[in-house]
Amino acid sequence: MSKTITPLMRAARIHGVGEPFSFDEVPTPKVSGDDILVEVKSCGLVPNLKNVIHNFPTWFPHLPLPPFPAIFGLDVAGVVAETGSGVRGINVGQPVYINPLRSCGTCAACRAGKPMGCRASTFAGYFGFGPDSPDMFRRYPSGGLAQYMVAPASSVVELPAKMSFDQATRFGYLGTSYSGLLKGGAGPTSTILILGATGTLGVGAVLLALALGVPKILAVARDESSLARLKALSPTRIETFSTHSGSIADWARTVTDGMGVDIVLEALATAAPSSLSTDAANACSNGGRMVFVGGTREQVCFDPVALMVNQMQYIGSKWFTTQEGQQMAGMVAAGTLDLSCLEHHAFRLSEANEALDHVVTQVGSGFINVVVQP
Ligand SMILES: [Zn+2]
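One gets the numbering used here by counting positions in the sequence shown from 1 and adding 3 to each.
Now the structure itself:
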């Protein structure tokens with residue numbers, strides 16, 4: 004039995020660059036074709052949203068924003084409230100996460116399974132990457148800081164009953180790490196070093212590496228107390244090292260009997276020095292892969308001869324596919340991906356301004372998840 008959908012909904016909207024959220028009643032969006040209407044239960048906030056609202060038009064004028072007044076909100080979890088006439092296999096009442104990555108679906112890049120290469124590649128509720136993103140924002144103008152949002156059925160990750168909506172809003176960070184781990188080949192026979200292990204990407208990477216059966220996880224970060232908290236997740240499989248303690252590569256070789264690691268996952272924050280990446284790269288074994296999912300702004304230097312001699316690969320990885328999202332939901336259902344260590348700081352929709360101020364103060368606290376519950 005479906006709930007009555009009201010013709011008007013509450014939304015936190017931004018009316019212009021740099022403005023705070025205002026709280027408006029707006030028409031509830033209509034659903035048709037291959038789209039679904041989601042009743043938003045929880046929407047994750049990322050600290051960079053503040054930059055997007057305040058600074059992106061100046062910093063990155065080539066990255067389109069949704070039209071103002073805009074409903075932002077990237078990581079949405081909720082319940083399917085209505086389905087378009089073309090939707091099959093998704094039912095009203097189903098708990099879902101919505102992958103916010105939109106692409107046209109029909110261009111050569113999309114048909115090749117590379118939506119990030121689409122000229123319309125866009126994060127709904129956040130910003131666009133391509134010259135055709137404004138078209139995509141016309142089709143899907145709003146994000147999760149409202150009672151309802153419309154999304155394509157192809158963006159749906161079905162959630163298991165045991166997963167909370169707040170946990171599901173973490174799929175953006177988790178999926179970014181997961182896709183990077185897969186590109187690195189993480190599994191039961193690999194050794195992995197996670198650089199920036201106590202941040203939002205890093206904690207997720209550790210949890211996912213545990214779920215993927217990685218037997219030895221080398222967690223590297225600055226803060227000793229957060230590292231101790233990571234170690235407690237699996238004391239026999241996780242080794243920790245503070246970047247204040249010396250060379251990452253020297254330490255990694257001592258704990259791997261001189262072999263080095265198969266994969267380095269670089270999950271550093273923007274302000275981190277590139278010397279950490281250079282140091283960690285030297286921890287790679289012959290044939291090792293270094294996967295970048297973080298956002299350090301400094302350039303990383305590498306030695307092409309060492310790259311050749313050691314047959315090493317550098318790989319960049321951005322976001323994740325809906326299929327990878329469904330795999331993570333499956334691991335939660337199976338109990339192999341345990342998200343119980345995450346602490347959710349929840350705000351009401353009317354507190355969206357306070358929530359955005361709060362998430363900015365939590366940068367680097369990888370166990371904390373800031374959400375708005377409309
Ligand atoms: Zn496309």
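Where is the CB? At the ideal position from N, CA and C, for every residue including glycine.
Rank the options by C-alpha distance to the C-alpha of residue i and give the top, closest one.
| i | options | result |
| --- | --- | --- |
| Phe26 | Ser353, Leu230, Ala123 and His348 | Ser353 |
| Leu213 | Ser228, Leu196 and Ser229 | Leu196 |
| Met166 | Ala349, Gly333 and Gln376 | Gly333 |
| Glu227 | Asn94, Asn51, Ile93 and Ser368 | Ser368 |
| Pro10 | Val29, Glu22, Arg16 and Gly19 | Val29 |
| Ala337 | Leu162, Gly116 and Gly261 | Leu162 |
| Val267 | Ala115, Ala235, Lys186 and Pro276 | Lys186 |
| Ser320 | Ala283, Gly328 and Glu269 | Glu269 |
| Ala84 | Asp306, Lys6, Arg256 and Pro191 | Lys6 |
| Gly216 | Ala15, Leu340, Thr364 and Gly21 | Leu340 |
| Gly108 | Ile101, Gly205, Gly120 and Gly328 | Gly120 |
| Ser248 | Leu230, Tyr181, Tyr151 and Val366 | Leu230 |
| Gly128 | Arg114, Gly146 and Gln326 | Gly146 |
| Gly21 | Glu42, Val43, Thr31 and Thr61 | Thr61 |
| Cys113 | Pro377, Leu211 and Thr324 | Thr324 |
| Gln329 | Gly175, Ile17 and Val363 | Gly175 |
| Gln302 | Ser277, Gly188 and Met315 | Ser277 |
| Asn356 | Leu345, Phe370, Val375 and Gly291 | Val375 |
| Ile17 | Lys33, Ile241, Pro69 and Pro50 | Pro69 |
| Met262 | Met331, Ala164, Asn289 and Thr299 | Asn289 |
Helix, strand or coil for residue i, going by three-state DSSP, please let me know.
| i | result |
| --- | --- |
| Arg114 | helix |
| Phe75 | coil |
| Arg13 | strand |
| Ser180 | helix |
| Val206 | helix |
| Leu162 | coil |
| Met4 | Its pLDDT being 46, under 50, Met4 is placed unreliably in this model, and the coordinates cannot settle the point. |
| Pro98 | strand |
| Gly19 | coil |
| Ala1 | Since the first residue shown for the chain is 4 and the last is 377, residue 1 is missing from the structure and cannot be characterised. |
| Thr109 | coil |
| Thr61 | helix |
| Ser368 | coil |
| Phe132 | coil |
| Leu148 | coil |
| Leu211 | helix |
Just curious, the alpha helix (DSSP H) that residue i is in, first and last residue?
| i | result |
| --- | --- |
| His57 | Asn51 to His57 |
| Ser136 | Ser136 to Arg142 |
| Ala224 | Looking at the DSSP string, Ala224 is not in any alpha helix (DSSP H); the run it does join, the beta strand (DSSP E), is Lys219 to Ala224. |
| Ala189 | Taken as a continuous stretch (DSSP letters only), Ala189 belongs to no alpha helix (DSSP H), as it is neither H nor E. |
| Phe168 | Phe168 to Ala171 |
Taking 8 Å as the cut-off, decide whether the C-beta atoms of residue i and residue j are in contact.
| i | j | result |
| --- | --- | --- |
| Thr172 | Asp78 | yes |
| Phe126 | Pro103 | yes |
| Leu40 | Val153 | yes |
| Thr194 | Ala222 | no |
| Val294 | Gly183 | yes |
| Leu66 | Phe132 | yes |
| Phe168 | Ser280 | no |
| Val296 | Thr201 | no |
| Leu48 | Leu342 | no |
| Gly96 | Asp37 | no |
| Leu177 | Gly207 | yes |
| Arg351 | Ala149 | no |
| Ala284 | Val264 | no |
| Leu52 | Phe75 | yes |
| Tyr100 | Val160 | yes |
| Ala123 | Ser106 | yes |
| Val43 | Tyr151 | yes |
| Pro191 | Pro218 | yes |
| Ile371 | His348 | yes |
Grab the span of the beta strand (DSSP E) containing residue i for me, first residue to last.
| i | result |
| --- | --- |
| Gln376 | Ile371 to Gln376 |
| Pro155 | Tyr151 to Pro155 |
| Pro30 | Phe24 to Pro30 |
| Asp38 | Asp38 to Gly47 |
Any chance you could list the beta strand (DSSP E) runs of at least 3 consecutive residues sitting entirely within the stretch 267-319, in chain order? 287-295 and 316-319
At 3 residues or longer, what runs of the beta strand (DSSP E) sit wholly inside the stretch 230-272? 241-245 and 264-269
List, from N- to C-terminal side, the alpha helix (DSSP H) runs of 4 residues or more that fit wholly inside the stretch 320-365. 325-337 and 355-364
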